[in-house]
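Participant: Would you mind keeping the following structure in view while I ask a few things?
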Amino acid sequence: MLSKYFVLFIIYSFLGWIYETCYCTIREKSWQNRGFLYGPCIPLYGVGATLAQIIFIDLPFDTLQNASYFSIFLGCSIGSFFLEYSTSYILEKKFHARWWDYSDMPLNINGRVCLIFTACFGIAGIIVTQFIIPPIVNSISYIPQNLIELIALVFMFLFGMDMALTVSALTTFAKDFERINEQINNQMAERIETWQANRVEAKVAKIEKAAVRKEAAFVKIELTAEKIAEIKEQISTEAVKQWILNATETQRGQFRHIAKFTHPVASTKALLDKGSEFLRNKRSS
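Residue 313 is where the sequence shown starts when you use the numbering used here, and the numbers rise one by one after that.
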């Protein structure tokens, strides 16, 4: 029984990947390999569809098996709400990144869920339980149990390998970018200290001769803020470029995979954008 459910979980995850990838590719007008893993699999869809099958099809209760469309809609909407919110929360706490963000959508909650899409998942639950799951379950029923167990073992091995590779890449990626951020902060402190000692004071001294002290102080603050922004942009861009140039082809592939995620930390998001732009320019040249 567990083997059958795991095979169905993988099938539903694959179908979810097809839907998500096609939808995002059409919307962005460029290829989008969606999902948390490297492989064509989005576990969130697999979990949702498998739970919907268990609740509304497999459990031996007439009330559930003969549930109305409204009941299915309500159950799938509520289930998707908690599943999506908890998954987003756990992934962000674990990897400091988001795989989706509804912040620009109306009726969203912390950017993790959106009531509009929650309703869409409820409608999708009706379609899945009534028209997609039954033919898939019927087809699986013709496969001998021994073969189901063998397929489940193969899927489990591939899924486990993909999960281990993804987690390893994300962990290494996070450490690398924390190191880059630390290097940028250290270099910023050194450069700003030198610059303030040698150049700012000289410029402000000239201003102070022709203006009141308050005006000179204001100009000093303004010049300092502009120069700090300029230095930080230069240092961060060079640091990311150097990291990418020193990275292996495998690491660059991991970067391309990870860079599409929505990162809640603005500084890291900026580094991701610079790295992606550098790779695009390098590839086009």
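We put the beta carbon where it would ideally sit given N, CA and C, even for glycine.
Measuring CB to CB, does Thr-337 end up less than 9 Å from Trp-343?
Facilitator: Contact flag set, yes.
Participant: Please say whether Ile-428 and Tyr-381 have beta carbons closer to each other than 9 Å?
Facilitator: No, they are not a contact pair.
Participant: Return the bridge partner residues of Cys-336 from the DSSP annotation.
Facilitator: In the DSSP output, where bridge partners are listed per residue, Cys-336 has none listed.
Participant: Is there contact between the region 438–450 and the region 401–410, where contact requires at least three CB pairs shorter than 8 Å?
Facilitator: Too few Cβ pairs lie closer than 8 Å, so no.
Participant: When the distance is taken between beta carbons, is Val-319 closer than 9 Å to Phe-469?
Facilitator: No, the pair does not count as a contact, with Cβ atoms beyond the cut-off.
Participant: Note down, in chain order, each residue of its chain lying with its Cβ closer than 7 Å to the Cβ of Leu-376, except the 5 sequence neighbours on either side.
Facilitator: Taken in chain order, the residues that qualify are Ile-367, Phe-368.
Participant: Using beta-carbon positions only, say whether Ala-379 and Gly-387 come within less than 9 Å of one another.
Facilitator: It is a contact, given that the beta carbons lie within the stated cut-off.
Participant: Does the separation of the CB atoms of Ser-315 and Ile-460 fall below 9 Å?
Facilitator: Cβ atoms of Ser-315 and Ile-460: closer than 9 Å.
Participant: Note down the Cα distance separating Cys-334 from Phe-590, rounded to an integer number of angstroms.
Facilitator: Cα-Cα distance, rounded: 26 Å.
Participant: Rounded to a whole number of angstroms, what is the C-alpha to C-alpha distance between Arg-568 and Leu-349?
Facilitator: Cα to Cα, Arg-568 sits roughly 13 Å from Leu-349.
Participant: What is the rounded straight-line gap between the Cα of Gly-347 and the Cα of Tyr-331?
Facilitator: Taking the straight line joining both Cα atoms gives about 11 Å.
Participant: Is it buried or exposed for Cys-426, if we count other Cβ within 10 angstroms and need 16 for buried?
Facilitator: Buried, by the Cβ-count rule.
Participant: Any idea what DSSP makes of Cys-598, helix, strand or coil?
Facilitator: Residue 598 falls outside the range modelled here, since the chain spans only 313 to 597, and no answer is possible.
Participant: Count the other CB atoms, across all protein chains shown, that sit within 10 Å of the CB of Leu-327; report buried if there are 16 or more and exposed otherwise.
Facilitator: It is buried - the Cβ of Leu-327 has at least 16 other Cβ atoms within 10 Å.
Participant: What is the DSSP secondary structure of Val-531, counted as helix, strand or coil?
Facilitator: Confidence is the limiting factor: at Val-531 the pLDDT is only 49, short of 50, which leaves the residue's position unreliable, though a coordinate-based value still follows. If DSSP states are grouped into helix, strand and coil, Val-531 belongs with the helices.
Participant: From the DSSP output, in three-state form, read off Cys-426 for me.
Facilitator: Three-state DSSP puts Cys-426 in a strand.
Participant: Does the region 451–458 come close enough to the region 414–425 to have 3 or more Cβ pairs within less than 8 Å?
Facilitator: No: fewer than three Cβ pairs fall under 8 Å.
Participant: Check Ile-448 in the structure and name its three-state DSSP category.
Facilitator: Three-state DSSP puts Ile-448 in a helix.
Participant: According to DSSP, is Arg-568 helix, strand or coil?
Facilitator: Correct three-state label for Arg-568: helix.
Participant: So, for Tyr-324: in the same chain, excluding its five sequence neighbours on each side, which residues have a beta-carbon less than 7 Å away from its beta-carbon?
Facilitator: If we look at Tyr-324 and ignore the five residues flanking it on each side, its Cβ neighbours are Tyr-357, Gly-358, Ala-361, Thr-362.
Participant: Going by CA-CA distance only, name the one from Gln-546, Asn-593, Met-475 that's closest to Pro-355.
Facilitator: Nearest option by C-alpha distance: Met-475.
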